[in-house]
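Residue numbers (the working numbering): 26 to 256.
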């Protein structure tokens with residue numbers, strides 16, 4: 026089969042799978058977090074993957090509002106894109122936020138950085154970036170963030186609407202969930218912060234299905250050899 030046809034078939038399969046996941050997640054109860062096995066579908070008290078933490082109401086309402094306006098300004102004039110190069114994300118807008126003009130929004134970003142310095146020992150950050158998932162069809166499919174471009178910590182602030190994050194042990198060869206792997210579902214409320222560090226960052230695939238338009242701010246630490254790569 027030609028390579029182009031193979032890639033097209035792979036991406037179509039991912040879209041169908043993501044659509045099914047999104048419909049299933051949106052029909053589930055709004056509890057903050059559960060765990061389950063793929064077969065049978067069974068829920069019980071949550072045990073988050075090692076290195077994963079969730080912090081409700083991390084930002085105040087005013088901080089959230091300021092950050093939302095700053096993100097909207099950064100994304101102004103851009104349209105929603107389909108089919109990211111790695112086939113992970115669909116119906117999205119994304120930009121780096123190299124600077125933030127609003128003082129309260131900048132303070133909110135620094136609040137996250139300070140937390141990661143204190144709790145995770147992060148000393149060097151990559152520029153934060155914002156993601157806007159469309160209300161109609163926006164989804165982030167199961168994946169592990171590339172280890173080439175960031176370090177051991179990935180953190181995200183959720184804004185505007187709630188979403189469900191699903192984490193599952195991943196196949197190291199593909200970065201996708203292992204068949205039959207136990208899944209943890211984490212309810213991401215607006216203003217909350219999630220952190221994936223070490224094992225949960227490297228060994229667990231994560232996916233996000235929003236319940237409407239969702240904005241988020243993602244912060245990552247820089248790889249150890251980041252400065253050398255930049256030379």
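Ideal placement from N, C-alpha and C gives every residue a C-beta, glycine not left out. These numbers were taken from a predicted model, which means no experiment stands behind them.
Can you find the residues in the same chain that come closer than 8 Å, C-beta to C-beta, to residue i, ignoring five residues on each side of it along the sequence?
i           : result
residue 126 : 95, 98
residue 105 : 116, 117, 118, 157, 159, 163
residue 196 : 202, 203
residue 161 : 116
residue 86  : 216
residue 103 : 118, 120
I think residue i touches residue j, with their Cβ atoms under 8 Å apart; what is that distance to the nearest whole Å?
i           : j           : result
residue 122 : residue 155 : 6 Å
residue 235 : residue 188 : 4 Å
residue 218 : residue 137 : 6 Å
residue 207 : residue 194 : 7 Å
residue 84  : residue 182 : 6 Å
residue 167 : residue 112 : So it is not a contact: roughly 11 Å between Cβ atoms.
residue 150 : residue 244 : 6 Å
Would the beta-carbon of residue i fall within 8 Å of that of residue j?
i           : j           : result
residue 192 : residue 241 : no
residue 227 : residue 165 : no
residue 247 : residue 145 : no
residue 82  : residue 216 : yes
residue 139 : residue 88  : no
residue 239 : residue 186 : yes
residue 209 : residue 75  : no
Provide the residue(s) that pair with residue i in DSSP beta bridges, ordered along the chain.
i           : result
residue 122 : Per DSSP, none; premise fails for residue 122.
residue 181 : 219, 243
residue 115 : 164
residue 106 : 117
residue 227 : DSSP lists no partner for residue 227.
Apart from the five residues on each side of it in sequence, which residues of its chain come closer than 6 Å, Cβ to Cβ, to residue i?
i           : result
residue 233 : 165, 188, 190
residue 91  : 127, 129, 130
residue 78  : 220
residue 114 : 165
In its own chain, which residues sit with a C-beta less than 7 Å from the C-beta of residue i, not counting the 5 before and 5 after it?
i           : result
residue 152 : 121, 122, 123
residue 147 : 141, 178, 246
residue 80  : 217, 218
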